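Here is the structure we will look at.
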Amino acid sequence: MLAAQSGHLDVVRYLAVKCRANVNATDKSGDTVVMKAASHGHCHVARFLVVDDEAGLNVTALAKAVAKGSFDDVRFLAEECRVDTSATDISGATPLMTAAQHGRILIARYLVVECKAGVNAADKYGDTPLTKSAANGHFDVVRTLASEYGADVRAVNNNGTTPLMQAAQYGHIDVVRYLAGDHAVDVTAADISGTNALMIAAQYGHISVVRYLAGDCGVDANATNSTRTTALMIATQYGNMDVVRYLVKQCRANVTRTDIPLYVLLLSAVTK
1 MLAAQSGHLD
11 VVRYLAVKCR
21 ANVNATDKSG
31 DTVVMKAASH
41 GHCHVARFLV
51 VDDEAGLNVT
61 ALAKAVAKGS
71 FDDVRFLAEE
81 CRVDTSATDI
91 SGATPLMTAA
101 QHGRILIARY
111 LVVECKAGVN
121 AADKYGDTPL
131 TKSAANGHFD
141 VVRTLASEYG
151 ADVRAVNNNG
161 TTPLMQAAQY
171 GHIDVVRYLA
181 GDHAVDVTAA
191 DISGTNALMI
201 AAQYGHISVV
211 RYLAGDCGVD
221 ANATNSTRTT
231 ALMIATQYGN
241 MDVVRYLVKQ
251 CRANVTRTDI
261 PLYVLLLSAV
271 TK
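With UniProt numbering applied, the sequence shown corresponds to residues 1 to 272, in that order.
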């Protein structure tokens with residue numbers, strides 16, 4: 001790192017190629033060798049490590065700079081070192097996806113506006129930048145991608161999961177409200193197993209999301225997935241009693257089915 005920070009390309013090349021030094025190592029602040037070179041203006045060193053790729057880095061340095069939120073390093077790598085900002089890692093993720101996942105809104109804007117990053121590009125799992133930001137609750141990034149840059153709010157991944165479902169899974173009620181309210185995303189949409197956002201929220205015990213979807217949006221609490229399982233049954237299975245009580249008392253969830261667990265019936269009786 002000292003050699004990269006000081007701009008000694010010959011030393012860096014020798015250590016990386018001949019000695020097989022770990023060029024992906026980070027210091028206490030999370031900086032990589034490339035980031036050290038970039039932050040000190042040594043483009044020739046950064047370019048060797050990233051663009052020429054003799055050290056086998058590919059887009060590692062850019063991805064780490066994005067994840068860390070080092071805007072100056074990202075811009076330096078993109079503009080001075082001409083790193084490919086559309087290149088993907090082993091999972092098919094682009095730098096924009098990394099920015100969205102970590103909530104780096106300034107970097108996300110830069111990648112879209114200046115680098116023309118694809119807002120609807122998907123990784124090998126089918127997840128887009130919007131999906132990643134929704135799953136991680138980065139509301140500002142979600143709103144920017146959707147409202148300013150036209151990201152597809154109804155995109156589905158390989159499992160048929162939408163950004164709204166991802167937000168519901170992790171309890172990000174503000175994102176759920178935004179996608180449903182401002183973009184009229186279908187709150188009843190289901191994934192490949194027939195599971196909808198209400199069922200997902202019920203599974204993870206996110207009562208605020210459950211209340212919004214069932215109470216405000218009118219999602220049917222008795223809807224079933226491909227295995228004929230309801231949100232009530234899922235909440236029961238995972239022991240989310242506040243969700244169970246709400247579905248039984250406020251949503252009139254069906255407790256008369258013969259496959260409803262006995263303790264749901266007992267709970268229904270004591271909460272009436």
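Built from N, CA and C at the ideal position, the CB exists for glycine as well.
All values derive from a computational prediction rather than experimental measurement.
How big is the Cα-Cα spacing for residue i and residue j?
i, j, result
"GLY69", "THR227", "43 Å"
"VAL243", "LYS132", "26 Å"
"ASN254", "ALA108", "45 Å"
"CYS115", "THR85", "7 Å"
"TYR110", "ASP127", "21 Å"
"PRO129", "ASN120", "7 Å"
"THR94", "ALA78", "13 Å"
"THR161", "GLN250", "27 Å"
"LEU106", "MET97", "13 Å"
"GLY118", "THR60", "19 Å"
"MET233", "ARG82", "54 Å"
"VAL113", "ASP89", "21 Å"
"GLN166", "ALA135", "5 Å"
"TYR149", "ASP182", "15 Å"
"THR236", "CYS217", "22 Å"
"VAL248", "THR229", "15 Å"
"ALA168", "ILE200", "7 Å"
"ALA155", "ALA146", "11 Å"
"LEU62", "GLY215", "44 Å"
Using a 10 Å radius around the Cβ and a threshold of 16 neighbouring Cβ atoms, would you call residue i buried or exposed?
i, result
"LEU164", "buried"
"ASP73", "buried"
"ARG177", "buried"
"ALA87", "exposed"
"ASN157", "buried"
Is residue i close to the ligand NAP? I mean its beta-carbon at under 7 Å from any heavy atom of the ligand.
i, result
"THR144", "No copy of the ligand NAP occurs in the structure displayed, which carries no ligand at all."
Considering only residues of the same chain and omitting the five flanking positions on each side of residue i, which have a CB-CB separation below 7 Å?
i, result
"THR195", "ASN225"
"ASN240", "ALA202 and GLY205"
"ARG104", "VAL66 and GLY69"
"ILE192", "ASN159 and GLY160"
"TYR212", "ILE173, VAL176 and ARG177"
"ARG143", "TYR178"
"ARG252", "none"
"VAL141", "ALA100, GLY103, ILE105, ALA108 and SER133"
"ASN222", "THR230, ALA253 and ASN254"
"TYR246", "ILE207, VAL210 and ARG211"
With DSSP as the reference, identify every bridge partner of residue i, one or two as the case may be.
i, result
"VAL196", "Contrary to the premise, residue 196 reads as Asn rather than Val in this sequence. ASN196 is bridged to ALA190."
Leaving out five residues on either side along the sequence, give the residues of the same chain with a beta carbon under 8 Å from the beta carbon of residue i.
i, result
"SER91", "ASP123, LYS124 and TYR125"
"ASP174", "GLY137 and PHE139"
"SER208", "GLY171 and ILE173"
"VAL219", "VAL187, THR188, ASN196, ALA197, LEU198 and LEU213"
"THR256", "none"
"residue 285", "In this structure the chain extends from 1 to 272, so residue 285 is not present and cannot be described."
Within a Cβ cutoff of 6 Å, which residues of the same chain sit near residue i, ignoring the five residues on either side of it in sequence?
i, result
"PHE71", "LEU106 and ILE107"
Would you please state the rounded distance, in angstroms, between the beta carbons of residue i and residue j? I believe it to be under 8 Å.
i, j, result
"VAL153", "VAL185", "5 Å"
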